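S.K.: First the structure, which I've put down as structure tokens, then a few questions once you've had a look.
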Ligand SMILES: [Fe+2]
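Residue numbers (this note's numbering), protein chains in the order written: chain A, 1 to 283; chain B, 284 to 547.
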């Protein structure tokens, strides 16, 4: 099956390394005109769920020059209902067309009984939730014929019925399925502050060989809690934590994410080159 | 021990206050930890506010002119009201808000703007055309090769991106003067009267094409999927009478007819 995929590949092999940048529509023109030196781009899966039109056309053009990853928020692997086949069918169509290096989604739920909240909501980390999550990951991977990366979300609430930590939960998920991890260092920092745990303990608990991608972004300080807006440069304590993460995980491909108040492309390039420097230091 | 499904359902009901008595909110709060400075409901509200803001942003992206006409604050209030009775049923936010126009027409606080629902319809048609499948346009050579015996059985199709919209208000003019790059006199006289429109996409160019009553009646019949033969019969009985043999080439030339098949 993998051999077949190689023979049929339209694009250059999609292995990614170094720093990548989140692909946003504001930058299509600049990227396509200037072909900036970026290692890879991450596209937001659901933005390309339409049947046609400019978004898919632009992604096609970007893909001709760069490897990409597909990053989703809608698979809702934490839901108690089975993963939606209509969703998986659309995702599979994108995978076949764009040959992404990785396909990722989150440790969260976004829908219940087919009704969506469009936000990454946490759930209590229990044995019941673990079985449910593992089951959904396996179903999705079977359907897609490839493994997923699971990303840790930033969270703003904890449940009193939880009987394991988020890192224990993630460790169990990778032990029981073939999925790998996308570790968002900013999200770990945000959640650590919000829930009062040790961010480094989280990172040290994860199996380094299963961490395939890292996310970096900027949070917003709301005084009583940190909020993950993806609207700022990466904050100094997150760079610090990233340095430690690289020590444990090695120079894992790292994405600069920016979703609100999207700045000029040069700002993203500056952030990416900072990440690249830190990766080179541990390579 | 409460099941995961119960927690998720309570959470959902609390976000949209579906029972309108905050009972879901007090129930879900019992499962949520308090932290220094934030009680359980504060934690929950971070999510609720963010969820409602996300859905309102999605509606503003599909209906920017409606938002401009009523102001963002009013629009968000209307959107929040809409969410309570209209759940999002797709992971793709671009699919949310499909019946917003219908909701607006029954929303009593918006009754001072009787054209608002029709503007919303125009914007939804635009949004759908933007994401519709790519299409190469009518294959004239293939049409030329259709035999005389097959000709009556030809079924023509509008572009897959197309929507036909009629309004008794000048919604195209309203839409135009509310574009962010519009310059000039932005006053619209509602007495200008109504309009009939085809909203569609030609390659990657968006089109809002006005048309007369005859063209409208032809396109409406084509939309229902009649063969050429029955199309001619229906249109010859219609008022106004449509001279389809002469009008059809014009419609083709404008790109309003994008494909055909032979009905058997
Ligand atoms: Fe992330």
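From the three backbone atoms N, C-alpha and C, an ideal C-beta is built for every residue, glycine too. Given the structure is predicted, the values throughout are model-derived calculations rather than measurements.
#1: Excluding the 5 residues preceding and the 5 following residue 90 of chain A in the sequence, name in chain order all residues of the same chain whose CB lies nearer than 7 angstroms to its CB.
#2: Interface residues of chain B around residue 189 of chain A at Cβ under 8 angstroms?
#3: So residue 321 of chain B contacts chain A; which residues on that side make the cut at Cβ distance below 7 angstroms?
#4: According to the neighbour-count rule (16 or more other Cβ atoms, all chains shown, within 10 Å of its Cβ), is residue 177 of chain A buried or exposed?
#5: Which residue's Cα is closest to the Cα of residue 548 of chain B: B:375, B:381, B:358?
#6: Please compile the residues from chain B whose C-beta is within a distance smaller than 8 angstroms of the C-beta of residue 54 of chain A.
#7: In whole angstroms, what is the alpha-carbon distance linking residue 6 of chain A and residue 39 of chain A?
#8: Which same chain residues end up closer than 6 angstroms to residue 320 of chain B when comparing Cβ atoms and leaving out the 5 residues on each side of it in sequence?
#9: By the criterion of Cβ-Cβ separation under 8 angstroms, what are the contact partners of residue 484 of chain B in chain A?
#10: Under 8 angstroms by Cβ, that's how I've got residue 186 of chain A and residue 238 of chain A pegged, so tell me the actual separation to the nearest angstrom.
#11: Reducing DSSP to helix, strand and coil, say where residue 232 of chain A ends up.
#12: Counting only beta-carbon separations shorter than 8 angstroms, does residue 294 of chain B have a partner in chain A?
#13: Between residue 200 of chain A and chain B, is there a C-beta pair that is closer than 8 angstroms?
#14: Since residue 117 of chain A meets chain B, which of its residues come closer than 7 angstroms, beta carbon to beta carbon?
#15: Give me every residue whose Cβ sits closer than 5 angstroms to any heavy atom of ligand 1, in chain order.
#16: Helix, strand or coil for residue 77 of chain A, going by three-state DSSP, please let me know.
#17: Among A:146, A:122, A:118, whose alpha-carbon lies nearest the alpha-carbon of residue 316 of chain B?
#18: Buried or exposed for residue 473 of chain B, going by 16 or more other Cβ atoms inside 10 Å?
#19: Name the chain A residues that come within less than 7 angstroms of residue 371 of chain B, Cβ to Cβ?
#20: Straight-line CA distance for residue 153 of chain A to residue 267 of chain A?
#21: Could you spell out where the alpha helix (DSSP H) holding residue 210 of chain A opens and where it closes?
#22: In the DSSP assignment, find the alpha helix (DSSP H) that holds residue 22 of chain A and state where it starts and stops.
#23: Using alpha carbons as the reference points, say which of A:255, A:235, A:148, A:157 lies closest to residue 311 of chain B.
#24: What residues from chain A crowd round residue 338 of chain B, counting only those whose CB sits closer than 7 angstroms?
#25: When the Cα of residue 197 of chain A is compared with those of A:180, A:211, A:255, A:155, which residue comes out closest?
#26: Tell me residue 440 of chain B's beta-bridge partners as DSSP assigns them.
#27: Assuming residue 510 of chain B and residue 546 of chain B make a contact with CB atoms under 8 angstroms, what is their CB distance in whole Å?
#28: When the cut-off is 8 angstroms and only beta carbons count, does residue 129 of chain A lie next to chain B?
#29: At what residues does the alpha helix (DSSP H) containing residue 448 of chain B begin and finish?
#30: Tell me the DSSP bridge mates of residue 493 of chain B?
#31: Quick check on the burial criterion: 16 or more other C-beta atoms within 10 angstroms. Buried or exposed for residue 151 of chain A?
#32: Rounded to whole angstroms, what's the CA-CA distance from residue 335 of chain B to residue 242 of chain A? Just pull it up for me.
#33: Report yes if the CB atom of residue 414 of chain B is closer than 8 angstroms to the CB atom of residue 377 of chain B, and no otherwise.
#34: Using a Cβ-Cβ cut-off of less than 9 angstroms, list which residues of the region 443 to 463 of chain B approach chain A; keep chain order.
#35: What three-state label does DSSP hand residue 116 of chain A in the structure shown?
M.R.: Here's the rundown:
#1: 49
#2: Chain B residues near residue 189 of chain A: none, gap ~16 angstroms exceeds 8 angstroms.
#3: 224, 225
#4: buried
#5: Not covered by the structure: residue 548 of chain B. The range shown for chain B is 284 to 547.
#6: 413, 487
#7: With a pLDDT of 49 at residue 6 of chain A, under the threshold of 50, the modelled position of that residue is not reliable, and no figure is offered here.
#8: none
#9: 53
#10: 5 angstroms
#11: coil
#12: yes
#13: no
#14: 295, 298, 334
#15: A:184, A:215
#16: coil
#17: A:122
#18: exposed
#19: 115, 116, 118
#20: 24 angstroms
#21: Careful: residue 210 of chain A lies outside any alpha helix (DSSP H) and carries neither H nor E.
#22: Careful: residue 22 of chain A lies outside any alpha helix (DSSP H), inside the beta strand (DSSP E) at 19 to 22.
#23: A:157
#24: 118
#25: A:155
#26: B:542
#27: 5 angstroms
#28: yes
#29: Looking at the DSSP string, residue 448 of chain B is not in any alpha helix (DSSP H); the run it does join, the beta strand (DSSP E), is 446 to 450.
#30: B:480
#31: buried
#32: 32 angstroms
#33: yes
#34: 443, 444
#35: strand
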